[in-house]
Structure formats: C-alpha cells, structure tokens
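Chemist:
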Amino acid sequence: MKTLVFATNNKHKLHEVREMLAGVVEIKSLAEMGLEGDIPETADTLQGNAQQKAEWVWQRTQLDCFADDTGLEVDALDGAPGVYSARYAGEHCSFDDNIDKLLAALEGKTNRKADFRTVICLMEDGKPRFFEGRVDGCILTERYGKEGFGYDPVFMPDHFAVSFAEMPLEVKNKISHRGRAVAQLVDYLANLK
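With the numbering used here as the guide, the letters of the sequence shown map in order to residues 1058 to 1250.
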C-alpha cells in the first residue's frame, strides 16, 4: 500500500483523514516522520498555503505527501476569516477564542450564510496536484455539540438541522469540505493502480 506523509500537527484532522483514507493509502504523520517545527503558512490563498506546507515536507523527506488548508468564509464578513481561520483571534489562539470572535463579529447580523473550503495539495515526485471541497451552510448564534473541532459547533451545513459538532464523524466525513476534497484525492489515488 502506498504511503503518504500528511503535513499536519493537528491530531483531530489527522484522525479524520486517516478514517477517510483507510484501506487506500497509509498515512504517516509529521511526528511519525520525526519532523518538528512550525510549517510556514504565509500565502494569502488556501491553495498557496496547502502548497507551501506540502513543499516544506517534500523538501525535508523527498517522500510523496499532501497538505491541506481550510477556510471558513462568512458572507456578512466579506469572506473572513478565510485563509486566517485557524488564527482568526490571533496567533496561538484556541478554537473557542476563534468562535468567540466570530460570534461577536456576527452579532445583530441576519445574513449568516457561510461556506467551508478545503484545498489539498498532493506532492508526487515534487510536483503539485490540487483537490478542492466546499460545503455551504450558516453560522449558528451559539455552540451546539461536542464532536469535531474548530468552528464545527457553530457551523450548520445546508440541508441539515444540526451543527458539524453534533454529527457522528462518519456522517460529517461524507459531506464536509475536507471529506469532499479527500474523496477527490481518494479517486485520484485509486485510479493510479
């Protein structure tokens, strides 16, 4: 089975992606590869950040790898937090800090439409290939649920009556932005055989 290094230090994200790629490829984490330090994320697009992270791993290992970047884009905030979603409330902030800032920014706003986008950059032999997933929904006025991570407790996808944080992981993985991007990656990898 093919092995890919996943350029993340996020244990939640690692678990989600390993579940989605089980039986297709073996996923090695940065820690398992002995890679330490912060991976740069200085691009101003999701695609740019995903590629920057994948190239960082490729340069250090020469192994096929992939990285993703995800952004929550809120209509009423002109697409913010977008590429800055993970550090919306500042460097070294918590998930709760980001949610608090988001809910405060949306206070009194009736348009709560938002979307989550994930871009994956797969590096094979040093060459990038991109996959993108998106899910539309809205931002709730308070947190619901204990599953997931990040903005999951306040994001309700269209056609559902619960937040991502209220969904079982297998349901979320089928419909989420990351799930849709990973599904494209899986299709690509499965067709390489």
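C-beta: ideal position from N, C-alpha, C; glycine also.
Going by CA-CA distance only, name the one from A1222, L1092 and V1239 that's closest to L1179.
Modeler: V1239
Chemist: For my contact list, F1123 and F1187 are in at a C-beta cut-off of 8 Å; report their separation, rounded to the angstrom.
Modeler: So it is not a contact: roughly 10 Å between Cβ atoms.
Chemist: Give the DSSP-derived three-state secondary structure of K1231 in the structure shown.
Modeler: Helix.
Chemist: What first and last residue would you give for the beta strand (DSSP E) that runs through K1170?
Modeler: K1170 to E1181
Chemist: Note the first and the last residue of the continuous alpha helix (DSSP H) segment covering V1114.
Modeler: L1103 to T1118
Chemist: Express the C-alpha separation of N1066 and E1114 in angstroms, rounding to a whole number.
Modeler: The amino acid occupying residue 1114 in the given sequence is Val; Glu does not appear at that position. Near 12 Å, if we compare the C-alpha coordinates of N1066 and V1114.
Chemist: Should R1169 and C1150 be called a contact, given that it needs their Cβ atoms to be closer than 8 Å?
Modeler: no
Chemist: Identify the residues that DSSP records as bridge partners of K1085: which are they?
Modeler: DSSP output for K1085 lists V1062 as bridge partner(s).
Chemist: Would you identify the three-state DSSP class for V1131, choosing helix, strand or coil?
Modeler: DSSP, read as helix, strand or coil, puts V1131 in strand.
Chemist: Would you kindly work out how many angstroms separate the C-alpha atoms of Y1141 and G1128, rounded to a whole number?
Modeler: 7 Å
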